[in-house]
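A.B. asks: One point on numbering: in the working numbering, the residue at position 16 of the sequence shown is 7, and numbering is uninterrupted. Note that the Cβ used here is the ideal one computed from N, Cα and C, for glycine as well. Sharing a structure with you now.
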Amino acid sequence: YGITIDSEPDVGTTVTIRMPRYARRANMKTGKLAALALSLLLLVGCAAGPVSAVPRKVTLVAKSTETEFWQSVFAGATAAASEYNVALTIVGPETEEDYEAQNNYIEQAVADGAQALVFSAISYTENAPAIDAAAAAGVEIVVIDSDVDSMSVDARIGTDNVEAGYMAARAALEKREGD
């Protein structure tokens, strides 16, 4: 299992975080993912320097507000927001099919003065124009979990599924050889 962080400002920079062989519960992983995303915002440009007395405005636009996965992401994001003095707004559609609602949430975040957007795309292509518009308005963009077809993204955080598949196959072969 690997998490890869690709950062657009420093093209070519890739950091891989290896999780323990026996991964923890999904709740812990997703909560840490959200905490990492908010922490990364501080490094991407939303905050240059120490934690400010004035809260930074960050909007997290999720794929859904109803699933256990996203509930755990919200818990991690809320904890990170408290630690880093972030005024966090969490929004998302009820189901993971309504990319148009996500686009509306992105537009609203820009109108409300969000300095950064943490985003997980429902549609790789259909969410791209809204992300590009937000970035053009000066909003820092961090994508978590599901990517979007945009060169305006400042950082991407997600699972390297090819590497995860390789590791799963290797573990299965090792287990079979051990039987």
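Measuring alpha carbon to alpha carbon, tell me which of 76, 119, 114, 91 ends up nearest residue 143.
C.D. replies: One-based indexing of the sequence shown puts residue 143 at position 152. Closest by alpha carbon: 119.
A.B. asks: Can you list, in chain order, the residues of its chain with a C-beta nearer than 8 Å to that of residue 88? Leave out the 5 residues immediately preceding and following it.
C.D. replies: The sequence position of residue 88 within the sequence shown is 97, counting from 1. Counting only Cβ-Cβ distances below 8 Å, and skipping sequence neighbours, we find 113.
A.B. asks: Between the region 44 to 62 and the region 73 to 92, do at least 3 Cβ pairs fall closer than 8 Å?
C.D. replies: yes
A.B. asks: Label residue 157 either buried or exposed according to how many other C-beta atoms from any shown protein chain fall within 10 Å of its C-beta, with 16 as the threshold for buried.
C.D. replies: Reading the sequence shown from its first residue, position 166 is the one you call residue 157. Exposed: under 16 other Cβ atoms inside 10 Å.
A.B. asks: Among residues of its own chain, excluding the 5 on either side of residue 50, which ones have a beta-carbon nearer than 6 Å to its beta-carbon?
C.D. replies: Residue 50 sits at position 59 when you count from the first residue of the sequence shown. Around residue 50: 80, 100, 105, 108.
A.B. asks: With respect to the beta strand (DSSP E) encompassing residue 78, which residues constitute its N-terminal and C-terminal limits?
C.D. replies: Along the sequence shown, one-based indexing puts residue 78 at 87. Its beta strand (DSSP E) spans residues 77 to 82.
A.B. asks: I'd like to check one pair, residue 140 with residue 147: are the Cβ atoms closer than 8 Å?
C.D. replies: Mapped onto the sequence shown, residue 147 falls at position 156. Mapped onto the sequence shown, residue 140 falls at position 149. No, these two residues do not count as a Cβ contact at 8 Å.
A.B. asks: Nearest-angstrom Cα distance between residue 179 and residue 167?
C.D. replies: This structure leaves residue 179 out entirely; the chain is present only between -8 and 170.
A.B. asks: Taking the straight line between their C-alpha atoms, what separation do you get for residue 111 and residue 153?
C.D. replies: Position 120 of the sequence shown, counting from 1, holds the residue named residue 111. Position 162 of the sequence shown, counting from 1, holds the residue named residue 153. The alpha-carbon atoms of residue 111 and residue 153 are separated by roughly 19 Å.
A.B. asks: Just how far apart, CA to CA, sit residue 98 and residue 131?
C.D. replies: Stepping through the sequence shown from its first residue, residue 98 is reached at position 107. Stepping through the sequence shown from its first residue, residue 131 is reached at position 140. C-alpha separation (whole angstroms): 14 Å.
A.B. asks: For residue 166, name the three-state secondary structure that DSSP assigns.
C.D. replies: On the sequence shown, position 175 is the one that residue 166 refers to. Looking at residue 166 - three-state DSSP - the assignment turns out to be helix.
A.B. asks: Looking at the unbroken beta strand (DSSP E) that takes in residue 132, where does it start and where does it end?
C.D. replies: As a first step, residue 132 must be located in the sequence shown, where it is residue number 141. Run containing residue 132: 131 to 135, per the beta strand (DSSP E) assignment.
A.B. asks: Taking the C-alpha atoms as reference points, what is the distance between residue 159 and residue 136?
C.D. replies: Taking the sequence shown and counting its residues from 1, the one referred to as residue 159 is at position 168. Taking the sequence shown and counting its residues from 1, the one referred to as residue 136 is at position 145. Roughly 19 Å separates the two Cα atoms.
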